[in-house]
Each structure stands twice: as structure tokens, then as C-alpha cells.
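Right, one structure below, let's go through it.
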Amino acid sequence: MWVGSAAAVELTGQYTNLAFQTKNSSQREVVTDLQRLRLTLADEREAWSYQFSYDHELLYGGLVRDPVFRTQLNTPDPTWADLSAVLGRDRSSYWRHTLYRGWIAYRAGDWQLTLGRQRIAWGSGRIWNPTDRFNPVQPTALEQEQKLGVDAADLTWRYSGFGAVQLVAAPGRASYGTSRKMALRWHDTLGGVDMALLGGRIGDENVAGLDMTGNVGDAGARLELMQSWQGPRGSSPPVSTTPGRQTGCRTVSISLPSISTTVRRGSA
């Protein structure tokens with residue numbers, strides 16, 4: 572006798588087209604177009620969940636012809652695992668595919684462990700976050716919301732509806748420009764203010780940070796502070812701070828129809 576249980580596996584797609592005008596390294600105005608097709612496979616059940624997002628990206632136009640930008644395109648992504656490959660290129664176009672996200676998570680009560688390429692969303696700033704030390708900014712990034720992600724292990728304890736303690740560790744790979752990272756972060760909501768404290772070691776630096784988000788009268792306010800220093804007696808650079816602000820560029824984003832399949836598994 573077989574007892575079956577159903578789990579929904581969701582396959583979704585998204586097409587994005589971004590056309591923009593900017594200046595190249597010679598300070599000349601050029602027009603460039605970015606096209607991306609992203610396919611995402613995700614599943615979630617009682618204890619296990621996973622997500623894999625696979626991208627095809629085509630960049631075409633004047634920026635690709637710029638020698639400085641082409642050098643940056645040839646630089647490996649600052650990640651531990653090499654999950655990208657160039658499929659084609661010429662003087663005006665650059666086509667590659669990459670694994671944008673690829674993680675698996677296990678949840679047990681208030682604890683969750685996530686392994687793989689993921690987004691570690693620390694900080695409240697809209698453009699730049701001093702406390703966001705796990706998501707490197709690519710020099711060729713054309714979209715603020717597209718974060719490269721980090722190959723890491725994330726252990727989170729959610730002790731209340733708003734509070735959690737998070738430990739993140741990521742291996743380093745010097746040849747790809749990424750260093751070993753480990754940090755512990757606490758965040759909660761106290762008196763209507765979202766607060767977070769963190770400490771850890773990023774490469775050869777010790778770091779400590781504070782992040783606060785709340786309201787001042789009828790206006791919202793955000794503040795991030797980060798201090799880093801090298802070694803027990805190393806000199807400390809000035810504290811990095813950022814206020815909250817938000818800008819953006821226009822994109823055309825189309826969500827393709829999602830495809831859901833049902834997988835039935837059973838045991839005798």
C-alpha cells in the first residue's frame with residue numbers, strides 16, 4: 572500500500588529589457604541595451620525549501636565597445652563558485668548565462684539553515700549599505716536591485732515575531748577577488764524602531780555595525796554605521812555612514828506565465 576503526499580514545484584520566468592544612455596570612459600554618450608531571461612525553480616514544504624534562478628543575459632551597444640568596460644566584463648564575478656560562462660561575444664555584444672540564485676534550506680522550529688548562493692539582505696539603505704558586507708557590488712552592475720549574491724551558510728534563530736539572531740559564514744577565493752567572511756547579526760523592533768547590531772570578521776578586518784530605521788514625526792529615517800579595523804592594534808579608519816535615499820531607472824519587466832507541477836511521492 573502506498574501513501575502519497577503532494578508538493579507543488581513552481582517554475583516561473585521573467586523577461587527584462589533595460590535600454591539606457593550613459594557616458595563611456597571617453598566621456599562620450601552611448602546607448603546600450605540589456606536583455607535578460609530568468610527562469611526560477613522553487614519548492615517549499617514543511618521543513619525543506621529551495622530556489623534555483625538561471626539567467627541568460629545579452630548586453631548590446633556602445634558600452635560593450637568601450638575598452639574599460641570590456642575589461643571589467645572579463646573579470647570573474649567575486650564569488651566563491653564559478654557559476655557563469657560566456658556563450659558569445661563580438662565588438663558590440665556580450666552574451667552569458669549564470670546561476671543567479673541556488674540555495675536549499677532546512678527549517679526546524681525557530682531555526683533555519685540555508686546553504687548555497689543566496690542574498691544576505693543586511694542594511695536599510697536604498698543604494699549603498701555599509702553594513703551589507705556579504706553582497707559585493709559589481710563594477711558592471713546596471714541595476715541597483717540586482718545583487719550578485721554570496722555562496723554562504725546562513726544559520727538563523729527567530730526567537731520572536733520580529734527578532735532574530737543570524738550567523739553567516741562564506742568561504743573566500745582570492746583569485747576571484749572574494750575574501751572569507753563571518754559575521755553575527757541581531758535585529759529586532761524596539762519601541763517602533765527597527766534595530767540591528769552586527770560584528771564579525773571580513774577578510775583581514777574586524778567589523779562592527781549598527782542599523783536603525785524608524786519615524787521622526789511624519790517622516791521616515793534610516794541610519795547605518797560601520798566601523799572596521801585590522802588586527803588588535805591596527806589603526807581604525809573613519810566610521811562609514813549612510814542616510815536613506817532612493818533613486819531608480821526605468822525598466823520593462825514582463826513576468827511570464829508560471830508553470831506549476833505536482834510531484835507525488837510515496838512510501839510503501
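So for the sequence shown, our numbering puts the first residue at 572; every next one is plus one. Backbone N, C-alpha and C fix where the C-beta goes; we use that ideal spot for every residue, glycine too.
- According to the DSSP secondary-structure assignment, SER624 is paired through a beta bridge with THR611 and ARG672.
- Contact between ASP681 and ARG729 holds: CB atoms are separated by about 5 Å, below the 8 Å threshold.
- Contact between the region 634 to 643 and the region 653 to 673 is present: three or more C-beta pairs spanning the two stretches fall below 8 Å.
- Ranking ASP775, TRP800, SER695 and GLN606 by CA distance to the CA of GLY791 puts SER695 first.
- Counting of Cβ neighbours within 10 angstroms places ASP789 among the exposed residues, the total staying below 16.
- Judged by DSSP secondary structure, LEU658 falls within the beta strand (DSSP E) whose first and last residues are 655 to 660.
- In the DSSP assignment, LEU719 falls outside any alpha helix (DSSP H) and carries neither an H nor an E.
- Under DSSP, THR650 forms no beta bridge with any residue.
- DSSP places GLN689 within a strand segment (E or B) once states are collapsed to three.
- For GLN801, the pairing in a beta bridge is given by DSSP as GLU776.
- Collapsing the DSSP output to three states places PHE705 in coil.
- When Cβ pairs closer than 8 Å are counted between the two stretches, the region 760 to 767 is seen to touch the region 777 to 785, the count reaching three or more.
- The three-state secondary structure of GLY734, taken from DSSP, is coil.
- Secondary structure of GLN598 (DSSP, three-state): coil.
- When the Cα atoms are used, SER655 and VAL778 turn out to be separated by approximately 30 Å.
- Excluding residues up to 5 positions away in sequence, ASP759 and THR760 lie with their Cβ nearer than 6 Å to the Cβ of PHE733 in the same chain.
- In the structure shown, the three-state DSSP call for GLY762 is coil.
- Scanning its chain for C-beta atoms nearer than 6 Å, with the 5 sequence neighbours on each side dropped, one finds around SER799 the residues GLU776 and VAL778, in chain order.
- Counting along the chain, THR642 sits inside the alpha helix (DSSP H) bounded by residues 638 to 644.
- The alpha-carbon separation between ARG756 and PHE705 amounts to approximately 12 Å.
- Contact between VAL739 and ILE691 is confirmed by a C-beta separation of about 6 Å, below the 8 Å threshold.
- Of LEU768, GLU581 and LEU684, the smallest CA-CA separation from TRP619 is found for LEU684.
- As DSSP reads the structure, TRP757 sits in a beta bridge with VAL736 and LEU768.
- Here THR611 really is in contact with SER624; their C-beta atoms are around 4 Å apart, less than 8 Å.
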